[in-house]
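Presented below is the structure to which this report refers.
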Amino acid sequence: MSNCLFCQIARKEIPAKIVYEDEEIIAFDDIRPQAPVHTLIIPREHISTLKEVSEEQSALLGRILLKARAIAAQKGIDQSGFRLVLNTGPDSGQEIFHLHFHLLGGRRLGWPPG
């Protein structure tokens with residue numbers, strides 16, 4: 024999807040503070056952080072929401088989860104704890120319709136979240 028903000032970041036048409044990238048995944052710091060560590064992890068492939076993920080893409084989701092753990096360690100929040108959030112649809116607060124995970128940490132996070 025050419026006009027998707029996250030697709031444009033993945034193609035490096037829009038600058039971002041990239042913390043990890045490979046052929047399938049890119050992770051970058053959120054420009055409006057909600058915690059001291061707030062990194063977004065996305066697939067390079069445009070997938071609008073979790074509802075659109077196919078069985079064939081399940082390995083991609085697993086890789087994203089494992090990469091979230093590695094980024095948490097890289098950011099120094101793996102021992103104190105972190106949260107991984109995936110919003111799906113407008114009522115969840117999803118604003119950009121490109122599948123993305125929020126990696127949050129660096130402070131005590133409240134529950135329930137919102």
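This note's numbering puts the first residue of the sequence shown at 24, with every later residue one more than the last. Just so it is clear, CB atoms sit at the ideal spot from N, CA and C, and this is done for glycine as well.
Self-check item: Cβ pair residue 64, residue 123 closer than 8 Å
Solution: Reading the sequence shown from its first residue, position 41 is the one you call residue 64. Reading the sequence shown from its first residue, position 100 is the one you call residue 123. Yes, these two residues count as a Cβ contact at 8 Å.
Quiz item: Grouping DSSP H, G and I as helix and E and B as strand, with all else coil, what is residue 65?
Solution: The sequence position of residue 65 within the sequence shown is 42, counting from 1. The answer is strand: DSSP assigns residue 65 an E or B state.
Quiz item: With a CB to CB cut of under 8 Å and the five nearest residues on each side skipped, what residues in its chain are close to residue 72?
Solution: For the purposes of this step, residue 72 is taken as the residue at position 49 of the sequence shown. If we look at residue 72 and ignore the five residues flanking it on each side, its Cβ neighbours are 111, 112, 117, 120, 122.
Quiz item: Any idea if residue 88 is buried or exposed, counting beta-carbon neighbours within 10 angstroms, 16 or more meaning buried?
Solution: Sequence index remark: in the sequence shown, residue 88 carries index 65 (1-based). Exposed.
Self-check item: residue 35 classed as buried or exposed, judged by whether at least 16 other C-beta atoms fall within 10 angstroms
Solution: Taking the first residue of the sequence shown as position 1, residue 35 is located at position 12. Flag for residue 35 reads exposed.
Quiz prompt | Runs of beta strand (DSSP E) lying entirely within the stretch 87-134, each at least 3 residues, in chain order | solution = 105-109, 124-128
Quiz prompt | Contact check, residue 60 vs residue 128, beta carbons under 8 Å | solution = Within the sequence shown, residue 60 is the residue found at index 37, counting from 1. Within the sequence shown, residue 128 is the residue found at index 105, counting from 1. The Cβ atoms of residue 60 and residue 128 sit closer than 8 Å to each other.
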